[in-house]
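The next block holds one structure in the form of structure tokens; read it before the comments.
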Amino acid sequence: MDTPTHNQRCDFCAKKTIGMQILGCVAQEVCEDHAEKMLVEMKPGERKDWGECYFIRYGGEPNGGETK
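Under my numbering, residues 267 to 334 are what the sequence shown spells out, in order.
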């Protein structure tokens, strides 16, 4: 799976995102406050498939993917 292009802000509150969770047919860019427990506990850059759910934890790139 390729790394998706992602928002920098949570879909729910506009805080900085930690990852993407796809729950069935709904994809959500989420901060730590709005992420499912499984996503919060993942390491940066980790991906998990769990039934119909997919979790992608951002931050596996150097400097969290940010450029100077």
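Ideal Cβ placement from N, Cα and C applies to all residues, glycine included. Given the structure is predicted, the values throughout are model-derived calculations rather than measurements.
On the DSSP bridge assignment, give the partners of I288 in chain order. A293, Y320
Helix, strand or coil: which one does DSSP assign to K314? strand
In its own chain, which residues sit with a C-beta less than 7 Å from the C-beta of C297, not counting the 5 before and 5 after it? C276, C279, K281, K282, T283, I284
With distance defined between alpha-carbon atoms, name the residue in Y324, Y320, V306 nearest to C291. Y320
Where K309 sits in the DSSP three-state scheme: coil
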